Structures are given as C-alpha cells and as structure tokens.
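If you read the sequence shown in the numbering used here, its first letter stands for residue 825, the second for the next number, and so on. Note that beta-carbon positions come from the ideal geometry of N, C-alpha and C, so glycine has one too. Fair warning: this is a prediction, and the values are worked out from it, not measured in the lab. Written out below as structure tokens is the structure these notes cover.
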Amino acid sequence: MINTAFAMGGKAGAGGAGGGFTAFVPLILMFVIFYFLLIRPQQKKAKEHQKMIDNIKKGDRVITSGGIHGTVTSLGDTSVSIEIAEKVKIKLSRGNIAALLNAAPAASDKKNKKDKKDK
825 MINTAFAMGG KAGAGGAGGG FTAFVPLILM FVIFYFLLIR PQQKKAKEHQ
875 KMIDNIKKGD RVITSGGIHG TVTSLGDTSV SIEIAEKVKI KLSRGNIAAL
925 LNAAPAASDK KNKKDKKDK
C-alpha cells in the first residue's frame, strides 16, 4: 500500500520556478492599485497644502484645522498670528491652517477699485 501512495503523488519538481513568480503577481498588482488610488493622490494633496501654506501673506482670510475663521496679522517661520475678533489674536503653527478663504487684495486691485468708485 505504501508504494501505491507514492506512485500517485506525481513528480517532485512539478511546482518549478514559474510557480514562485506567479505567486507574487497578485501582490504586485495590489501594490500598483494602492499606489494609484491611495498614495499618489495623498501626496498630491499634501504638496498643494504645503504650497498654500508657503504662499500665505498678511491680510489673508484663513480657516484653521479647528474651524476658527480669522485674518492673518503676522507671519513667522513656523507660526502665524490670526485675528479672530477685534483685538483678539491667536498664535498657531502654519500647519494648522486648513484653508485659505480669500487672498488679500493686491495693491493694484485696491487702486482699480478706487478708480472705479471715482468714475
């Protein structure tokens, strides 16, 4: 009986080298899918947020990550002072700014508005 069991087992090297690579194909495909659906969009969003934080200037209206609305009154290397009410200022790190509501109008925009009012 023992000889019969060995005879039905098949060849010892039937799995071969091709079986090792095909086992990793689904893992590679999953990594590619995760990269394009999760990792890449997250990196793109982080770059856009960093660009927005770097371009903040005095007078911009912002929203913090805590939901506080205010106007930027002063800037530091790592911190920002925001006026949230008359004579009420808070200081927080630049990373806590979640969104830019509207940028401060440029000097040329102010002149254009004055010119339109004068006419």
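How big is the Cα-Cα spacing for residue i and residue j?
| i | j | result |
| --- | --- | --- |
| G891 | V849 | 45 angstroms |
| K913 | A923 | 18 angstroms |
| E872 | Q866 | 10 angstroms |
| I906 | A870 | 23 angstroms |
| G900 | Y859 | 35 angstroms |
Taking buried to mean at least 16 other C-beta atoms within 10 Å of its own C-beta, is residue i buried or exposed?
| i | result |
| --- | --- |
| G894 | buried |
| V856 | exposed |
| I852 | exposed |
| I863 | exposed |
So, residue i versus residue j, is the Cβ gap smaller than 8 angstroms?
| i | j | result |
| --- | --- | --- |
| I880 | V896 | yes |
| S898 | K911 | no |
Below 8 angstroms on the Cβ atoms is my contact criterion, and I expect residue i with residue j to pass it. Report the Cβ-Cβ distance as a whole number of Å.
| i | j | result |
| --- | --- | --- |
| L925 | R885 | 4 angstroms |
Could you work out which residue in the options is closest to residue i when comparing CA atoms only?
| i | options | result |
| --- | --- | --- |
| T888 | G919, F860 and I863 | G919 |
| I877 | Q867, G843, V904 and A847 | V904 |
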